[in-house]
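Student:
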Amino acid sequence: MAIDLRHGDDVADLVARTEALVRDTVVPLEERHGGVIASVGEEGRVELQRAAADAGVLAPHAPREYGGHGLGMCDRAPVFEAAGYSLFGPLALNIAAPDEGNVHLLAEVATPEQKERYLAPLATGRVRSCFAMTEPAPGAGSDPSALTTSATRVPGGWRIDGHKWFITGADGAGFAICMARTSGTPGDRGGATMFLVDAENPGMRVVRHVETLDQSMIGGHCEVRFDDCVVGDDAVLGAVDEGFTYAQVRLGPARTTHCMRWLGIGRRAQDLAVGYVAERKVFGARLAELGMVQQLIADNEIDIEASRALVTRACWELDQGRSAAQLTSIAKTFVAEAVWRIVDRAVQLCGALGVSHDILLSRYLREVRAFRIYDGPSEVHRWAIARRVVKRHSH
Ligand SMILES: Cc1cc2nc3c(=O)[nH]c(=O)nc-3n(C[C@H](O)[C@H](O)[C@H](O)COP(=O)(O)OP(=O)(O)OC[C@H]3O[C@@H](n4cnc5c(N)ncnc54)[C@H](O)[C@@H]3O)c2cc1C
Numbered sequence: 001m002a003i004d005l006r007h008g009d010d011v012a013d014l015v016a017r018t019e020a021l022v023r024d025t026v027v028p029l030e031e032r033h034g035g036v037i038a039s040v041g042e043e044g045r046v047e048l049q050r051a052a053a054d055a056g057v058l059a060p061h062a063p064r065e066y067g068g069h070g071l072g073m074c075d076r077a078p079v080f081e082a083a084g085y086s087l088f089g090p091l092a093l094n095i096a097a098p099d100e101g102n103v104h105l106l107a108e109v110a111t112p113e114q115k116e117r118y119l120a121p122l123a124t125g126r127v128r129s130c131f132a133m134t135e136p137a138p139g140a141g142s143d144p145s146a147l148t149t150s151a152t153r154v155p156g157g158w159r160i161d162g163h164k165w166f167i168t169g170a171d172g173a174g175f176a177i178c179m180a181r182t183s184g185t186p187g188d189r190g191g192a193t194m195f196l197v198d199a200e201n202p203g204m205r206v207v208r209h210v211e212t213l214d215q216s217m218i219g220g221h222c223e224v225r226f227d228d229c230v231v232g233d234d235a236v237l238g239a240v241d242e243g244f245t246y247a248q249v250r251l252g253p254a255r256t257t258h259c260m261r262w263l264g265i266g267r268r269a270q271d272l273a274v275g276y277v278a279e280r281k282v283f284g285a286r287l288a289e290l291g292m293v294q295q296l297i298a299d300n301e302i303d304i305e306a307s308r309a310l311v312t313r314a315c316w317e318l319d320q321g322r323s324a325a326q327l328t329s330i331a332k333t334f335v336a337e338a339v340w341r342i343v344d345r346a347v348q349l350c351g352a353l354g355v356s357h358d359i360l361l362s363r364y365l366r367e368v369r370a371f372r373i374y375d376g377p378s379e380v381h382r383w384a385i386a387r388r389v390v391k392r393h394s395h
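In this text, residue positions in the sequence shown follow the UniProt record's numbering: the first is 1, and each later residue adds one.
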């Protein structure tokens, strides 16, 4: 069987235009703002997305009928990586988390009316959104079955009560997709349901921004309360009690697109470091000529190529319509750790400059750390990977 890893001309063109936009517009803005998205704000987001629309690269992932380019997973990979070369690039193309994953979920699960109301404005960045699953202990975290937020039947709809945190983008989002328990009890899997909750709903309240190492996600990571939050039957996304299944529909592709974006930052870190060691002279030689420096450069390149290969393999499987649970877990675990190693080596190669705020490497180190925790901590993925392997060998 022939294996052809080339992308079509249309994808190559999107990549080239994304690279140009990132180089000429996005990186200068990122550098001016030290990679901190709050200092760009909503106005900056709108401007960035206008620039992406003018460049013809906005919403590469969204269905064509909603203004996107309709790319599958394999074709997304090089475009997302090109956007990910800057912390602000994914926001410019409207492919940042959590909106990008929510577009995918809505395209897969929403009714035609819900698509018009939520997917259409989200796809091209007219609104933002958030995905509210995680709860403070003892609620849902690594183990979704601990879900405590409940949705109870009321005439004509549902009442949601619960407490969420680390909800990325919640401040300023037009709507939330909230996971709430509709059957069973915390600790057993039971049934969860996804609800579309409008920001204007008085029962949903952003309590605070949780301060974190990273600062490149618009709308922060927020603590959110749902108290007497009443929604209609038309707020149910998909079927009642099927929320855990839909979470997998969202998470497989979403964790893979995270890998694509962070791979872009891995490449940027490598470019910054190689640029430094190519010029810097110590002990009568350029750093780049020293063996131990070359080893760090080579190890970065190996991590970049291995990450890309794993992402490609997972994408291919997803494009076949399979769940790709094992391959997306493997890719997510490897890339989250590889990108951390790459940025850390890049910091080392740049010496004191690497830990300074004069270049963005120290910001990248802070930004990539959380990727080993969200979308499944590395330990949870390893646990799941091993269980699947053991199951294959059990009779
Ligand atoms: C920056 C950031 C953004 C986020 N954005 C969102 C969002 O938008 N929406 C949302 O719903 N959530 C979001 N989260 C939450 C994220 O999904 C959770 O942090 C994650 O699922 C882990 O849950 P937890 O924090 O409760 O950790 P816990 O469940 O308390 O786990 C703590 C640690 O225990 C270990 N562990 C857990 N299970 C196992 C196991 N089976 N074997 C071995 N070790 C294990 C792991 O090391 C894990 O890190 C975000 C988190 C961060 C940091």
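Note that beta-carbon positions come from the ideal geometry of N, C-alpha and C, so glycine has one too.
Under the three-state reduction of DSSP, which class applies to Gly-89: helix, strand or coil?
Tutor: In the sequence shown, residue 89 corresponds to position 89, counting from 1. Gly-89 falls in the helix class under three-state DSSP.
Student: Measure how close the beta-carbons of Arg-208 and Leu-263 come, nearest whole angstrom, since I'm counting them as under 8 Å.
Tutor: In the sequence shown, residue 208 corresponds to position 208, counting from 1. In the sequence shown, residue 263 corresponds to position 263, counting from 1. So it is not a contact: roughly 32 Å between Cβ atoms.
Student: Any heavy atom of ligand 1 closer than 7 Å to the CB of Phe-166?
Tutor: Along the sequence shown, read from residue 1 onward, the residue named residue 166 stands at position 166. The answer is yes for Phe-166.
Student: Can you determine whether any heavy atom of ligand 1 sits closer than 7 Å to the C-beta of Thr-328, and answer yes or no?
Tutor: Position 328 of the sequence shown, counted from the start, is the residue given in the question as residue 328. Not so, every heavy atom of ligand 1 lies at least 7 Å from the Cβ.
Student: Near Ala-82, what residues of its chain come up, given a Cβ to Cβ distance below 8 Å and the 5 sequence neighbours on each side ignored?
Tutor: One-based indexing of the sequence shown puts residue 82 at position 82. Same-chain partners within the cutoff: Val-15, Thr-18, Glu-19, Val-22, Gly-89 and Gly-264.
Student: With hydrogens ignored, establish whether the beta-carbon of Val-127 is closer than 7 Å to any heavy atom of ligand 1.
Tutor: Residue numbering aside, residue 127 sits at position 127 when the sequence shown is read from its first letter. Val-127 Cβ: outside cutoff for every heavy atom of ligand 1.
Student: With which residues is Met-204 paired in a DSSP beta bridge?
Tutor: In the sequence shown, counting from the first residue as 1, residue 204 sits at position 204. Bridge partners of Met-204: Phe-226.
Student: For the alpha helix (DSSP H) containing Gly-243, name the first residue and the last one.
Tutor: On the sequence shown, residue 243 is found 243 positions in, with the first residue counted as 1. Judged by DSSP secondary structure, Gly-243 falls within the alpha helix (DSSP H) whose first and last residues are 243-279.
Student: Using the rule of at least 16 other Cβ atoms within 10 Å of the residue's Cβ for burial, across every protein chain shown, is Ala-285 buried or exposed?
Tutor: Position 285 of the sequence shown, counting from 1, holds the residue named residue 285. Burial is judged here by how many other beta carbons sit within 10 angstroms of a residue's own beta carbon; Ala-285 has fewer than 16 and is exposed.
Student: Under 7 Å from any heavy atom of ligand 1, does the C-beta of Ser-142 make it?
Tutor: For the purposes of this step, residue 142 is identified with residue 142 of the sequence shown, where counting begins at 1. It does: the Cβ of Ser-142 is within 7 Å (strictly closer) of some heavy atom of ligand 1.
Student: Considering only the alpha carbon of each residue, which of Val-11, Ala-325, Thr-25 and Val-343 lies closest to Val-388?
Tutor: Taking the sequence shown and counting its residues from 1, the one referred to as residue 388 is at position 388. The sequence shown places Arg at residue 388, not Val. The option with the nearest alpha carbon to Arg-388 is Ala-325.
Student: The alpha helix (DSSP H) spanning Met-292 covers which residue range?
Tutor: Numbered from 1 along the sequence shown, position 292 holds the residue referred to as residue 292. Its alpha helix (DSSP H) spans residues 291-319.
Student: Beta-carbon within less than 8 Å of His-357's beta-carbon, same chain only, minus the 5 sequence neighbours each way: which residues are those?
Tutor: As a working mapping, residue 357 is identified with position 357 in the sequence shown. Closer than 8 Å at Cβ, skipping near neighbours: Gly-34 and Arg-363.
Student: Does the distance from the C-beta atom of Cys-222 to that of Ile-167 stay below 8 Å?
Tutor: Taking the sequence shown and counting its residues from 1, one reaches residue 222 at position 222. Taking the sequence shown and counting its residues from 1, one reaches residue 167 at position 167. The answer is yes: Cβ separation under 8 Å.
Student: Cβ atoms of Gly-172 and residue 433: under 8 Å apart, would you say?
Tutor: With the chain represented from 1 up to 395, any question about residue 433 goes unanswered, as that position is not in the structure.
Student: Would the C-beta of Met-260 count as close to ligand 1, meaning under 7 Å from any of its heavy atoms?
Tutor: Against the sequence shown, residue 260 aligns to sequence position 260. Result no, Cβ not under 7 Å from ligand 1.
Student: Based on the DSSP output, what are the partners of Ile-160 in its beta bridges?
Tutor: Numbered from its first residue, the sequence shown carries residue 160 at position 160. In DSSP, Ile-160 forms a bridge with Ala-151 and Cys-229.
Student: Mind the definition here: the region 138-148 touches the region 225-242 only if three or more C-beta pairs lie below 8 Å; say whether that holds.
Tutor: no
Student: What residue from His-258, Ser-378 and Ile-385 has the CA that sits closest to Ala-77's CA?
Tutor: The count along the sequence shown starts at 1 and reaches residue 77 at position 77. When only C-alpha atoms are compared, the closest one is His-258.
Student: Take every Cβ of the region 96-115, pair it with every Cβ of the region 58-77, and state whether three or more of those distances are shorter than 8 Å.
Tutor: yes
Student: Measuring CA to CA, which of Phe-371, Phe-334, Ala-314 and Arg-366 is closest to Gly-72?
Tutor: Your numbering for residue 72 matches position 72 in the sequence shown. For the residues Phe-371, Phe-334, Ala-314 and Arg-366, the minimum Cα distance to Gly-72 belongs to Ala-314.
Student: Is the distance from the Cβ of Met-217 to the Cβ of Ile-37 below 8 Å?
Tutor: What you label residue 217 is simply residue 217 of the sequence shown in a count that begins at 1. What you label residue 37 is simply residue 37 of the sequence shown in a count that begins at 1. Cβ atoms of Met-217 and Ile-37: closer than 8 Å.
Student: If you measure between the beta carbons of Leu-48 and Ala-92, is that distance less than 8 Å?
Tutor: Locating residue 48 in the sequence shown gives position 48, counting from the first residue. Locating residue 92 in the sequence shown gives position 92, counting from the first residue. At a Cβ-Cβ threshold of 8 Å, Leu-48 and Ala-92 count as neighbours.
Student: So, helix, strand or coil for Met-194, using DSSP?
Tutor: Position 194 of the sequence shown, counted from the start, is the residue given in the question as residue 194. In the structure shown, Met-194 falls within a strand segment according to DSSP collapsed to helix, strand and coil.
Student: DSSP three-state label for Met-73, please.
Tutor: Reading the sequence shown from its first residue, position 73 is the one you call residue 73. Met-73: helix per DSSP, three-state reduction.
Student: Check for me: the alpha helix (DSSP H) holding Arg-32 runs from which residue to which?
Tutor: By 1-based counting over the sequence shown, the position of residue 32 is 32. Unbroken alpha helix (DSSP H) run through Arg-32: 27-32.
Student: With DSSP as the reference, please indicate the residues paired to Phe-131 in a beta bridge.
Tutor: Here residue 131 refers to the residue found at position 131 when the sequence shown is read from its first residue. BP columns for Phe-131 point to Ile-177.
Student: Which residue or residues does DSSP assign as beta-bridge partners of Arg-286?
Tutor: Within the sequence shown, numbered from 1, the residue matching residue 286 stands at position 286. Partner(s): Lys-281.
Student: Figure out for me which residue from Glu-379, Leu-353 and Tyr-374 has the closest Cα to the Cα of Pro-98.
Tutor: The residue you call residue 98 lines up with position 98 of the sequence shown. Checking every option, the nearest Cα to that of Pro-98 belongs to Tyr-374.
Student: Under a three-way DSSP split, which group does His-393 fall into?
Tutor: Position 393 of the sequence shown, counted from the first residue, corresponds to residue 393. The answer is coil: DSSP assigns His-393 none of H, G, I, E or B.
Student: In the DSSP assignment, the alpha helix (DSSP H) including Arg-369 goes from what residue to what residue?
Tutor: Within the sequence shown, residue 369 is the residue found at index 369, counting from 1. Where Arg-369 is concerned, the enclosing alpha helix (DSSP H) starts and stops at 361-369.
Student: Would you mind reading off the limits of the alpha helix (DSSP H) that contains Lys-332?
Tutor: Residue numbering aside, residue 332 sits at position 332 when the sequence shown is read from its first letter. Looking at the DSSP string, the run of the alpha helix (DSSP H) that includes Lys-332 is 325-349.
Student: Looking at the structure shown, is Leu-353 part of a helix, part of a strand, or coil, going by DSSP?
Tutor: For the purposes of this step, residue 353 is taken as residue 353 along the sequence shown, with counting starting at 1. The answer is helix: DSSP assigns Leu-353 an H, G or I state.
Student: Under 7 Å Cβ to Cβ from Met-204, same chain only, skipping five residues before and after it: list those, please.
Tutor: Here residue 204 corresponds to residue number 204 of the sequence shown, with the count starting at 1. Only Ala-176, Val-197, Val-224, Phe-226 and Cys-229 meet the Cβ criterion.
Student: Verify whether the separation of the beta carbon atoms of Leu-361 and Gly-351 is less than 8 Å.
Tutor: Stepping through the sequence shown from its first residue, residue 361 is reached at position 361. Stepping through the sequence shown from its first residue, residue 351 is reached at position 351. Taking 8 Å as the cut-off, the Cβ atoms of Leu-361 and Gly-351 do not count as close.
Student: Could you give the residue range of the alpha helix (DSSP H) that holds Ala-52?
Tutor: Here residue 52 is taken as the residue at index 52 of the sequence shown, counted from 1. Per DSSP, Ala-52 is one residue of the alpha helix (DSSP H) stretching across 41-54.
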